[in-house]
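Residue numbers (the working numbering): 1 to 445.
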């Protein structure tokens with residue numbers, strides 16, 4: 001006799017607008033052609049960063065995910081954006097099981113693996129967090145050590161198989177390349193991933209792997225049919241939540257939770273001309289209008305020759321028309337990043353832009369530039385500061401300071417910094433990015 005486990009999963013949720021629709025999707029998954037057991041999972045980045053979590057330390061996000069009936073989560077690197085005190089409190093109160101399998105000395109509430117019973121079958125769950133140090137501004141999660149996720153997955157899966165698990169599901173918050181490596185090992189039956197934001201569904205890498213689009217714009221829906229005499233049969237799809245009506249109780253809850261930030265959303269920073277729009281959607285993949293405006297604003301705020309900004313720092317869920325508010329700014333730039341001015345040769349900038357757009361495309365490291373720069377379709381930086389690029393010239397460039405220290409691993413920048421450490425401005429010598437943009441766009445400060 002077989003049994004069926006269904007999983008509805010999301011990841012990288014920084015805004016609440018789609019969650020009333022997700023609630024309806026979950027209700028349908030629970031009642032229409034129901035499985036024997038339903039799990040609701042989140043693969044990291046669900047407590048921070050957001051405008052809301054910057055005000056309440058993640059309380060509202062935790063309350064919403066509890067109300068959704070979330071059963072299992074793993075941590076994402078941005079959970080560490082909360083203070084350790086707030087993160088400890090949020091996880092202590094969360095009803096879901098927190099699974100982290102590749103951490104040492106992690107004092108937060110968690111388990112290294114979990115087992116779910118499905119009509120006499122045992123299904124194991126493991127949780128993996130990318131161990132790349134540049135993803136964290138400090139030792140992660142209060143000083144834990146993150147181990148290489150691949151060996152950790154192999155060991156945890158072997159342990160669960162020995163304990164009688166018929167199938168194993170990995171909740172992962174790691175790079176696409178790491179998930180593909182895990183899929184090729186065939187040590188788990190399904191990968192429910194996070195960290196990328198665009199949405200991926202791959203079935204030909206050995207193990208099915210799905211990552212939902214950010215902010216619950218889609219959810220993965222997977223069915224595992226369990227047998228005693230053969231491996232689990234796994235089917236998985238990405239389902240757009242926009243196809244569902246809003247669940248009224250969740251809509252009311254979201255409205256109540258967002259009430260304290262509503263006043264902040266009223267201030268308009270600038271008007272958008274009729275027929276135009278600003279958008280950061282796809283900023284990890286290609287140039288976007290809002291990324292260009294942000295870079296131009298930072299250039300002007302600091303009086304620099306140019307500005308660069310990493311696509312991973314832009315998180316808006318939808319295009320903007322008619323006007324751009326303070327809340328839009330906070331949603332688009334949820335991180336408290338210090339922007340500084342560094343003096344970099346044109347050749348270094350050229351190599352950094354090419355590397356970021358070729359090697360880091362679809363990651364947070366995709367580099368954008370201001371409106372006085374031009375990059376060719378072949379990713380060659382041709383114009384900077386309104387003139388043809390001079391490889392020998394030293395340009396004053398506004399950028400997030402952490403890009404010089406390893407964030408997103410833009411190797412040409414790091415190579416230059418290693419040879420010229422004096423070009424890195426000291427901490428607290430710059431200005432938080434949103435403050436600088438307010439100064440540029442509104443004449444404040």
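Every residue, glycine too, gets a C-beta built ideally from N, C-alpha and C. Just so we're clear, the structure is a prediction, and the values are computed from it rather than from any experiment.
request  = Have a look at residue 143 and residue 80 and give me their C-alpha separation to the nearest angstrom.
outcome  = Residue numbering aside, residue 143 sits at position 143 when the chain shown is read from its first letter. Residue numbering aside, residue 80 sits at position 80 when the chain shown is read from its first letter. Near 10 Å, if we compare the C-alpha coordinates of residue 80 and residue 143.
inquiry  = Taking its Cβ as the centre, do 16 or more other Cβ atoms sit within 10 Å of residue 277, making it buried, or is it exposed?
reply    = Here residue 277 refers to the residue found at position 277 of the chain shown. With fewer than 16 Cβ atoms within 10 Å of its Cβ, residue 277 is classed as exposed.
key: Selected residue, minimal CA-CA separation from residue 61, among 410, 16, 209 and 207   = Taking the chain shown and counting its residues from 1, one reaches residue 61 at position 61. Per the Cα distances, 16.
task = For residue 262, name the three-state secondary structure that DSSP assigns.
result = Mapped onto the chain shown, residue 262 falls at position 262. Residue 262 falls in the coil class under three-state DSSP.
ask   = Considering only residues of the same chain and omitting the five flanking positions on each side of residue 99, which have a CB-CB separation below 8 Å?
value = Mapped onto the chain shown, residue 99 falls at position 99. Closer than 8 Å at Cβ, skipping near neighbours: 72, 73, 74, 110, 111, 112, 113, 114, 125, 126, 127 and 171.
ask   = Is residue 341 near residue 397, with beta carbons less than 9 Å apart?
value = Position 341 of the chain shown, counting from 1, holds the residue named residue 341. Position 397 of the chain shown, counting from 1, holds the residue named residue 397. Yes, these two residues count as a Cβ contact at 9 Å.
query = Run through DSSP, which three-state label would residue 196 get?
reply = Walking along the chain shown from the start, residue 196 turns up at place 196. The answer is coil: DSSP assigns residue 196 none of H, G, I, E or B.
inquiry  = Within a Cβ cutoff of 6 Å, which residues of the same chain sit near residue 237, ignoring the five residues on either side of it in sequence?
reply    = Within the chain shown, numbered from 1, the residue matching residue 237 stands at position 237. Excluding positions up to five away in sequence, the list reads 221.
query = How far does the alpha helix (DSSP H) with residue 141 in it reach, from first residue to last?
reply = As a working note, residue 141 is residue 141 in the chain shown. First-last of the alpha helix (DSSP H) with residue 141: 140 to 143.
ask   = So, using beta-carbon positions, are residue 331 and residue 14 closer together than 9 Å?
value = Along the chain shown, one-based indexing puts residue 331 at 331. Along the chain shown, one-based indexing puts residue 14 at 14. Yes, the Cβ-Cβ distance between residue 331 and residue 14 is below 9 Å.
Distance between residue 19 and residue 38 (C-alpha atoms, nearest Å) = Sequence index remark: in the chain shown, residue 38 carries index 38 (1-based). Sequence index remark: in the chain shown, residue 19 carries index 19 (1-based). Spanning the two alpha carbons is a distance of roughly 18 Å.
Given residue 312 as reference, the closest of 8, 349, 195 and 56 once Cα atoms are compared = Counting from one through the chain shown, the residue named residue 312 turns up at place 312. Out of 8, 349, 195 and 56, 195 has the C-alpha closest to the C-alpha of residue 312.
task = Tell me whether residue 363 is buried or exposed, calling it buried when 16 or more other Cβ atoms sit within 10 Å of its Cβ.
result = Here residue 363 refers to the residue found at position 363 of the chain shown. Residue 363 should be labelled buried.
key: Span of the alpha helix (DSSP H), counted from its first residue to its last, around residue 159   = As a working mapping, residue 159 is identified with position 159 in the chain shown. Per DSSP, residue 159 belongs to the alpha helix (DSSP H) from 149 to 162.
ask   = If you drop the 5 nearest sequence neighbours on each side, which residues of the same chain put their C-beta closer than 7 Å to that of residue 293?
value = Locating residue 293 in the chain shown gives position 293, counting from the first residue. Counting only Cβ-Cβ distances below 7 Å, and skipping sequence neighbours, we find 278.
For residue 116 and residue 315, the rounded distance between their alpha carbons = Numbered from its first residue, the chain shown carries residue 315 at position 315. Numbered from its first residue, the chain shown carries residue 116 at position 116. Each residue's alpha carbon lies about 34 Å from the other.
query = Skipping 5 residues on each side, what residues in its chain have a beta carbon closer than 8 Å to that of residue 76?
reply = As a position in the chain shown, residue 76 is number 76, starting the count at 1. So the list reads 11, 12, 43, 44, 45, 46, 129, 173, 194 and 195, once near-sequence residues are dropped.
key: residue 248, DSSP secondary structure in three states   = As a working note, residue 248 is residue 248 in the chain shown. Helix.
Whole-number beta carbon distance between residue 67 and residue 250, since they are thought to touch under 8 Å = Locating residue 250 in the chain shown gives position 250, counting from the first residue. Locating residue 67 in the chain shown gives position 67, counting from the first residue. The pair is a contact, with the Cβ atoms about 7 Å apart (cut-off 8 Å).
request  = Please list, in chain order, all residues of the same chain as residue 166 whose beta carbon is under 8 Å from its beta carbon, the five residues on each side excluded.
outcome  = Numbered from its first residue, the chain shown carries residue 166 at position 166. Within the same chain, residue 166 has close Cβ partners 121, 122, 123, 226, 227, 228 and 232.
request  = Just list the beta strand (DSSP E) runs in the region 48 to 95, keeping only unbroken ones of 3 residues or longer that don't cross its boundaries, in chain order.
outcome  = 72 to 74
query = Are at least three pairs of beta-carbons, each pair with one atom in the region 290 to 309 and one in the region 426 to 442, less than 8 Å apart?
reply = yes
Residue 293, DSSP secondary structure in three states = Counted from its first residue, the chain shown places residue 293 at position 293. Of the three classes helix, strand and coil, the one that applies to residue 293 here is helix, per DSSP.
request  = Sort 290, 216, 245 and 201 by Cα distance to residue 235 and report the nearest one.
outcome  = Here the question's residue 235 lines up with position 235 in the chain shown. Comparing Cα positions, the closest option is 201.
query = How is the beta strand (DSSP E) around residue 415 delimited, first residue to last?
reply = Mapped onto the chain shown, residue 415 falls at position 415. No beta strand (DSSP E) holds residue 415; the alpha helix (DSSP H) holding it covers 411 to 419.
query = According to DSSP, which residues form a beta bridge with residue 395?
reply = Counting from 1 along the chain shown, the entry for residue 395 is found at position 395. BP columns for residue 395 point to 344.
key: Closest residue to residue 334 among 391, 289 and 53 (Cα-Cα distance)   = Position 334 of the chain shown holds residue 334. Of the candidates 391, 289 and 53, the one whose C-alpha sits nearest the C-alpha of residue 334 is 53.
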